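Worksheet: the structure to be examined is printed underneath.
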Ligand SMILES: [Zn+2]
């Protein structure tokens, strides 16, 4: 061990060291970042509702990914949106679902509050984006709605109960006509048992690489614990 504490080490000194370490680390730990919210049972329920009849579609999620792109935490314009699409890690038929801090624009009208758009999707395509706070408020219907656009569904302007209603939070219903469109999408795959499924990779856009920061933080905590234990065991310090 390379850390040697003297008999004069005090708890106050250790606390000071820890405070300094945390003050150094916290700014990057608390940096803004997109956060992923998934309601897997809710998503599968949407895509296996009665209008799907004998051909329900299960929604399967790949492990979540982080992509460091501080300049894309806020999607300000079409250029940002295109830059985000260019980062999509998986080719179709896998769907790439991005979560960002803020979405100021979309290629076509999507529900918005005070200029902040809740979600945006290629119509059709295999990439969509969610604003993280809206995703947390209504995880299944927001993701289901944006996925619906990827599956070539336009807005349903006539029923607020429909998943493709442009109002937020979106409804849950899909008509048989919409299901017929979904089942024609190349995003709908069929596994060896004949079960139809759609594969989604959730991706959080973050400002800084989190794992190294977390490791540093854990390292600081471990160091603090070691110092405290050593101080207590020495018994000579002014504790
Ligand atoms: Zn929409």
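Residue numbers (the working numbering): 1 to 239.
All residues carry an ideal CB built from backbone N, CA and C; glycine is no exception.
Just so it is clear, the structure is predicted and the values come from calculations on it, not from any experiment.
Give the secondary structure of residue 29 by DSSP, where H, G and I count as helix, E and B as strand, and everything else as coil.
The predicted position of residue 29 is uncertain, since its pLDDT is 44 and thus under 50; no value can be drawn from it.
Per DSSP, residue 119 is paired with what?
Here residue 119 is bridged, per DSSP, to 130.
So what does residue 162 bridge to, in DSSP terms?
Here residue 162 is bridged, per DSSP, to 173.
For residue 65, which residues of its own chain have a beta-carbon under 8 Å away from its beta-carbon, when the five flanking residues on both sides are left out?
89, 201, 202, 203, 204, listed in sequence order.
Collapsed DSSP secondary structure at residue 141 in the structure displayed:
The answer is helix: DSSP assigns residue 141 an H, G or I state.
In chain order, what residues of the same chain have a beta carbon less than 6 Å from the beta carbon of residue 155, not counting five sequence neighbours either side?
Around residue 155: 164, 166.
Supposed close pair residue 142, residue 119 - CB separation, criterion 8 Å
So it is a contact: roughly 5 Å between Cβ atoms.
Under the assumption that residue 242 contacts residue 99 (Cβ atoms under 8 Å), give the Cβ distance between them as a whole number of angstroms.
The chain is shown only over 1 to 239; residue 242 falls outside these bounds and no answer can be derived.
For the beta strand (DSSP E) holding residue 82, just list the boundary residues, first then last.
Looking at the DSSP string, residue 82 is not in any beta strand (DSSP E); the run it does join, the alpha helix (DSSP H), is 78-86.
From 160, 81, 194, 121, residue whose alpha carbon lies closest to that of residue 148
When only C-alpha atoms are compared, the closest one is 121.
Between residue 42 and residue 207, what straight-line distance do the alpha-carbon atoms span, to the nearest angstrom?
Distance between the alpha carbons of residue 42 and residue 207: 29 Å.
I'd like to know whether the C-beta atoms of residue 248 and residue 123 end up nearer to each other than 9 Å.
With the chain running from 1 to 239 in the structure shown, residue 248 is simply not present.
Since residue 129 and residue 87 are thought to touch, with beta carbons under 8 Å apart, how far apart are those beta carbons, to the nearest angstrom?
Their Cβ separation, rounded to whole angstroms, is 11 Å, which puts residue 129 and residue 87 out of contact at 8 Å.
Beta-carbon contacts of residue 81 that lie in its chain and below 6 Å, excluding the five residues immediately before and after
The beta carbon of residue 81 lies closer than 6 Å to those of 75 in the same chain, with the five residues before and after it left out.
Selection from 209, 57, 168, 35 that minimises the alpha carbon distance to residue 185:
Of 209, 57, 168, 35, the residue nearest in Cα terms is 57.
Would you call the CB atoms of residue 94 and residue 195 closer than 9 Å?
No. Outside cutoff.
Residue 121 CB to nearest heavy atom of ligand 1 below 8 Å
At least one heavy atom of ligand 1 sits closer than 8 Å to the Cβ of residue 121.
In terms of residue numbering, what span does the alpha helix (DSSP H) encompassing residue 44 cover?
Run containing residue 44: 40-46, per the alpha helix (DSSP H) assignment.
Roughly how many angstroms lie between the CA atoms of residue 16 and residue 92, to the nearest whole one?
Only weak support is given to the placement of residue 16: the predicted model assigns it a pLDDT of 49, under 50, and the question is left unresolved by the model.
Counterpart residues of residue 92 in DSSP-defined beta bridges
For residue 92, DSSP assigns no beta-bridge partner whatsoever.
Whose C-beta lies closer than 8 Å to the C-beta of residue 169 among residues of the same chain, with five residues either side of it excluded?
Taking C-beta separations shorter than 8 Å and ignoring five residues to either side along the sequence, the partners of residue 169 in its chain run 137, 138, 141, 142, following chain order.
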